[in-house]
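Residue numbers (UniProt numbering): 1 to 341. To keep things clear, I will list the structure first and then write my remarks on it.
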């Protein structure tokens, strides 16, 4: 079994500005200019507000252009938390690459090129090698006629074994406590970090351990990858550090989803600015397309929140009650595992 690492978030020292603001190919001022140029008023949706409140919110968001990213090129990057992938032996691990489905090949090439151009991955000659899979994303009904999109995920299951990689484990907050703390308010916003894990830099000595192979060649990540068993813990540590001191009745988070609550638009704007200031200091960026702004009722972590409190999301309840009767052993086992969780 691997050794268990323990940590206290208070043991992590606040990073200096020189440690936080590290960009591979462009300096921070250039990145900020690119973020400003790509941001549009139409990126923000709050048609439910009156004209005055809508303008006030637009002004606040556009003023904080440094906190938004619409592309990999302008993605945030921080060294505020530095992941360590400590292996329990030095034997290189290799797995043959998986075949890429024909319908995903075009997307795979484009995604790898985009990651290379943004410095998220780099060519690798590492003796470690893990396969990549492309998972089809769900499409909205309005996009049903568009080309399918895929998520690139490295299969790190071999690396994730406790006998191979040392575990870095923390206690994630209880969802029930988050909901109880934030429920019963009149207005809500939910902020979603853009490609969240990709905003954390890796140590040079760890990049080779996470190398992956594709039909297009071998590469290694320069940022924290999806799929590693320790990625979630390190990311939670980062956001804990970033929002330390301001979480409570007005601000809560679970991984890359930050929720802000208030009883008036004025209070909401003040809290939003406080959160934006923290994210900008750590050079972390949000996805403007996924913001939920100034809503009297919102769904967060499977619960509907409003001024009256909270309740289970009806949509999620319907998914369970309308679940088709399993007719195959494999599906039945999955269903049993779901209820055992």
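Quick reminder that beta carbons are idealized off the backbone N, C-alpha and C, glycines included. Everything numeric in this text was worked out from a predicted model, so none of it was measured.
State the DSSP-derived secondary structure class of residue 215, mapped to helix, strand or coil.
-> coil
Any chain D beta carbon closer than 8 Å to residue 274 | Checking the listed chains, one finds no chain D in this structure; it contains a single protein chain.
With which residues is residue 132 paired in a DSSP beta bridge?
-> 154
Which residue from 238, 191, 121, 120 puts its Cα closest to that of residue 170?
-> Selected option, being the one with the closest Cα: 238.
Taking the alpha carbon of residue 194 as the point to measure from, which residue in 88, 328, 257, 84 has its own alpha carbon closest?
-> Looking from the CA of residue 194, the closest CA among 88, 328, 257, 84 belongs to 257.
Closest Cα partner of residue 346 within the set 135, 56, 272 = With the chain covering only 1 through 341, there is no way to say anything about residue 346.
Does the stretch 71-87 come close enough to the stretch 169-189 to have 3 or more Cβ pairs within less than 8 Å?
-> no
Taking Cβ positions, are residue 198 and residue 172 nearer each other than 8 Å?
-> no
Which full runs of the alpha helix (DSSP H) of 4+ residues lie inside the stretch 28-67, going along the chain?
-> 28-38, 51-63
Give, in chain order, every unbroken run of the alpha helix (DSSP H) that is at least 4 residues long and sits entirely within the stretch 213-258.
-> 231-242
Rounded to whole angstroms, what's the CA-CA distance from residue 165 to residue 73? Just pull it up for me.
-> 31 Å
For residue 269, does the count of other Cβ atoms within 10 angstroms reach 16, so buried, or fall short, so exposed?
-> buried
Nearest to residue 41 by CA position, among 51, 33, 52, 58, is which residue?
-> 58
Length of the line joining the Cα atoms of residue 230 and residue 210 = 12 Å
Where the alpha helix (DSSP H) containing residue 78 begins and where it ends = From DSSP, residue 78 is part of no alpha helix (DSSP H); its letter is neither H nor E.
Option in 79, 299, 331, 116 with minimal Cα separation from residue 317 | It is 299 whose Cα lies nearest to the Cα of residue 317.
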